[in-house]
Every structure is written in C-alpha cells, then in structure tokens.
Amino acid sequence: MQIFSGILVNWVLASVLCTGVLTCAQPGQKPIVRKEWRTLSEYEKSSYLRAVKCILNKPALTPAFNNTGVISRYDDLVYTHIQQTFDMHYTGHFLAWHRYYVATYELMLRKECGYRGAQPYWDWTLDTPAERWASSPVFDPVTGFGGNGDFIPGDPTNPFEVPGRTGGGCVKDGPFAGIPDLVHLGPRDSVTYNPQCLKRDFSPYFAGRYLALNQTQLTLAAPDFGWFDRLVEGGPSFEASGAHGGAHYGVGGTYGQMGDLYTSPADPIFYLHHANLDRVWWSWQKLNLQTRLTDISGPIFLMDYDNVQGGNVTLDYPLSLGVSAVDVTVGDVMNIAGCGKTGVLCYEYDKVYTLQS
Ligand SMILES: [Cu+2]
Numbered sequence: 001m002q003i004f005s006g007i008l009v010n011w012v013l014a015s016v017l018c019t020g021v022l023t024c025a026q027p028g029q030k031p032i033v034r035k036e037w038r039t040l041s042e043y044e045k046s047s048y049l050r051a052v053k054c055i056l057n058k059p060a061l062t063p064a065f066n067n068t069g070v071i072s073r074y075d076d077l078v079y080t081h082i083q084q085t086f087d088m089h090y091t092g093h094f095l096a097w098h099r100y101y102v103a104t105y106e107l108m109l110r111k112e113c114g115y116r117g118a119q120p121y122w123d124w125t126l127d128t129p130a131e132r133w134a135s136s137p138v139f140d141p142v143t144g145f146g147g148n149g150d151f152i153p154g155d156p157t158n159p160f161e162v163p164g165r166t167g168g169g170c171v172k173d174g175p176f177a178g179i180p181d182l183v184h185l186g187p188r189d190s191v192t193y194n195p196q197c198l199k200r201d202f203s204p205y206f207a208g209r210y211l212a213l214n215q216t217q218l219t220l221a222a223p224d225f226g227w228f229d230r231l232v233e234g235g236p237s238f239e240a241s242g243a244h245g246g247a248h249y250g251v252g253g254t255y256g257q258m259g260d261l262y263t264s265p266a267d268p269i270f271y272l273h274h275a276n277l278d279r280v281w282w283s284w285q286k287l288n289l290q291t292r293l294t295d296i297s298g299p300i301f302l303m304d305y306d307n308v309q310g311g312n313v314t315l316d317y318p319l320s321l322g323v324s325a326v327d328v329t330v331g332d333v334m335n336i337a338g339c340g341k342t343g344v345l346c347y348e349y350d351k352v353y354t355l356q357s
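Numbering (the UniProt record's numbering), first residue to last: 1 to 357.
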C-alpha cells in the first residue's frame, strides 16, 4: 500500500507540476533517445535545423516591454538566460538548471515546431586535437550549423581576448549565414532590440586544450557532485576553464555569441554543447546511479564556495525558466528518465562516457 500511495503521490505531483505552458513527462511515457549530431541521417539533421528555424520565427510569449528585443520563442529562452546569468552559473544548480533549459528547448521544438526527434548532442571530444576543430561535422555548411566568421583583429589591451582566436565576424556559411538580424539581444546583459548577425570566433587551441577526452575523464573520476561540478564548470578565468568553457570559447572566442556568458544561447550550437555537458553529468551519475540520483551540492550564490553568503543547493531548490516552462526543483531533474514517476524529464542518451582505467 505504501509503495502504491508513493506512486500515486508522485503521479499527482507530476500532473500538478506539468500543467503549465508545456506538458511534461507523464507516467508510462517512454524516454526519447538523444544521439550525437554526426550519427544523425541527413534527413534527421535537416528536420532538426528546420525546427530551429521555426522556433526562431515563432512569436515570443514574454510580454512586450520598452524597446524589447524579445521577439521570438527562441528569444524567450535567451532572455531567461540573460536575466538569470548571475543566479545560475558557478552555483550548485548550474548543471540542473541547464539540464532543464535544454529539455525545455527540446520540448518546444517538438510541441511547437513538429520536430519528432530528440535533442542531438555534440561529442566535442571527437573534434580534438586543435587541428581537427574547424572541420567538425557540426560546422558543416550544408548539413551542420555553419562555420567560423572572418578574422577581426583583436585589441591587445582587452583582458577578455580568448587565446588562439581566429575569427570574430559574421558566420559565412550554413543555415544561419546572411541573416543580419538573426540575434536580437545582447551583447552581454542588454535586452533592448539590437539586431545582429550570428558571429563565431573559433579558438582551435582553446577547444583542443579543454575538450579532449582526458578532460572528460578527469571529471568522471570526481568522487562527489561538488568536485564534479567544479571540474566541469571550471573557474572564471581562461586558465581555469573546464569543458563548459572549452566549447563556449572554442566556438565563440571573444566576439562570437557563444563566448558571451549572458547571450550564449543565441547561437543554436549552444544546445548541442549543453546537451553533451548534460551527458557528461549523466555518465558520471550512472557510474553510481543510486547514490548520484540524489547527490547535489554547491553554493546557492555565485562562486560562494565557502558559503559566506548563504548555504548549499539542495534537492528542493527551485528552478524557473520564465514563460517557457513550469517551475520545478533540482530534485525533479536529477533523473533524466524519470518520465513522470521520479521526475519531469523523459529522455536517454544512446551512449554514455565510461571511466577508462
Ligand atoms: Cu549558461
């Protein structure tokens, strides 16, 4: 009876949680399977890119405000990321927040744009060392997201110059090239209408250094979530970067949106990168799943690793994505295949990383 009423309570909870803009996983639902970009068929790749273009063109749900740059459904999520930038990076809920964020985007593509697949991930370890970076299938001009921008000379006095950057101009090929107002928000925390092209500023050096498999292996060996999260997220300097910064700066450098802590989701590649970071987390969780489905720690406040300003994040810590999804808790997203029974998410990965000895 107790088990039964537990299930019932969970089911009722899931139903209550999921009555917002989007409906999420219900009991009995089967997880969808996320696959690596380069393993998708050409048809699957073009269906995904078509859905991205669709969400870029759907009208926003965020209420209009003065000089608003939030025009599309796509912008709703970029806006939410900008608004919460300092509340969810370098915190204990960084990975949980981005897990829910990517799953919400996936659901938007499926429910609002007729996409039938799962969110693809980008296993960037396959595109290292540095010499291989620019020829990643993810940057393919025909079947991918397009490549680098033209080289824009940097400013040597700028402390934010990403080492090894090679671009900085508008993306020149692929589905997002030649659109002068693809991006409406930013740079940084600006949310007024500012039409911009999508820019990339590849740093093959940076990618090669922080995205190689040895970096992922280092994170998988972490003994607890606190260590794991700090290794993935790294520190706030280029030198202290982890895999998270590896693809942000490897793609966005200094002048591309991916290198902008606030506006990075403006580049659709963001979602493939964060899906893979989520896969790194899931791979780590699966090494000891029973324990790691509930292992969460790390500061509530930005960089507050010594808990001077506040405590640590727990399973009941709230996650909010503004107009795009219902509020949930960290505990609701600990299991990617909770499927309405032990959480609101319902997906799997075709492959996980394993710890090599
Ligand atoms: Cu982020």
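For each residue, glycine too, the CB sits at the ideal point set by N, CA and C.
Delimiting residues of the alpha helix (DSSP H) encompassing residue i
| i | result |
| --- | --- |
| Asp-332 | Segment: none, Asp-332 is in no alpha helix (DSSP H) and carries neither H nor E. |
| Val-102 | 94–113 |
| Gly-252 | 243–252 |
| Gly-208 | 204–210 |
| Asp-127 | Here Asp-127 belongs to no alpha helix (DSSP H), and DSSP marks it neither H nor E. |
| Gly-230 | Sequence inspection shows Arg at residue 230; the Gly mentioned does not correspond to that position. Where Arg-230 is concerned, the enclosing alpha helix (DSSP H) stretches over 225–233. |
| Thr-216 | 213–220 |
Close beta carbons around residue i, own chain, < 7 Å, minus the five adjacent residues each side
| i | result |
| --- | --- |
| Leu-211 | Trp-124, Thr-125, Thr-128, Ala-243, Gly-246, Ala-247 and Gly-250 |
| Tyr-193 | Asn-67, Thr-68, Gly-69 and His-184 |
| Arg-93 | Here the sequence assigns His to residue 93, which means Arg is not the residue at that position. Cβ within range, chain order: Val-313, Tyr-317, Leu-319 and Val-330. |
| Pro-180 | Pro-195 and Cys-197 |
| Asn-276 | Tyr-121, Trp-122, Asp-123 and Trp-124 |
| Leu-231 | Leu-218, Thr-219, Ala-222 and Gly-242 |
Cβ neighbour criterion (16 or more within 10 Å) applied to residue i
| i | result |
| --- | --- |
| Ser-357 | exposed |
| Tyr-90 | buried |
| Gly-311 | exposed |
| Lys-45 | buried |
| Tyr-43 | exposed |
| Gln-285 | buried |
| Thr-39 | exposed |
| Gly-114 | exposed |
| Asn-307 | exposed |
| Gln-309 | exposed |
| Val-33 | exposed |
| Lys-199 | buried |
Any non-hydrogen atom of ligand 1 closer than 7 Å to residue i Cβ
| i | result |
| --- | --- |
| His-89 | yes |
| Ser-297 | no |
| Ser-46 | no |
| His-98 | yes |
| Ser-241 | no |
| Ser-264 | yes |
| His-184 | no |
| His-93 | no |
| residue 359 | Because the chain spans 1 through 357 in this model, residue 359 falls outside it and cannot be assessed. |
Minimum Cβ-Cβ distance from residue i to chain D less than 8 Å
| i | result |
| --- | --- |
| Lys-341 | The displayed structure is made up of one protein chain only, and chain D is not part of it. |
N- and C-terminal bounds of the beta strand (DSSP E) containing residue i
| i | result |
| --- | --- |
| Ile-32 | 32–34 |
| Gly-169 | 168–171 |
| Phe-151 | 149–151 |
In DSSP terms, what residue i is bridged to
| i | result |
| --- | --- |
| Tyr-349 | Arg-34 |
| Lys-199 | Cys-170 |
| Thr-85 | Per DSSP, none; premise fails for Thr-85. |
| Val-183 | Gln-196 |
| Asn-288 | Answer is none; Asn-288 lacks a bridge partner. |
| Asn-312 | Pro-299 |
| Pro-59 | Ser-72 |
| Leu-261 | Answer is none; Leu-261 lacks a bridge partner. |
Beta-carbon proximity list for residue i, same chain, < 8 Å, skipping 5 on both sides
| i | result |
| --- | --- |
| Leu-355 | Gln-217, Leu-220, Ala-221 and Leu-287 |
| Ala-240 | Gly-234 |
6 Å CB neighbourhood of residue i in its chain, flanking five on each side removed
| i | result |
| --- | --- |
| Ser-297 | Gly-92, Phe-225, Gly-226 and Asn-312 |
| Ser-190 | none |
| Met-258 | His-248, Val-251, Gly-252, Ser-264 and Asp-267 |
| Gly-322 | Thr-80 |
| Ala-96 | Val-330 and Val-333 |
| Gly-154 | Glu-161 |
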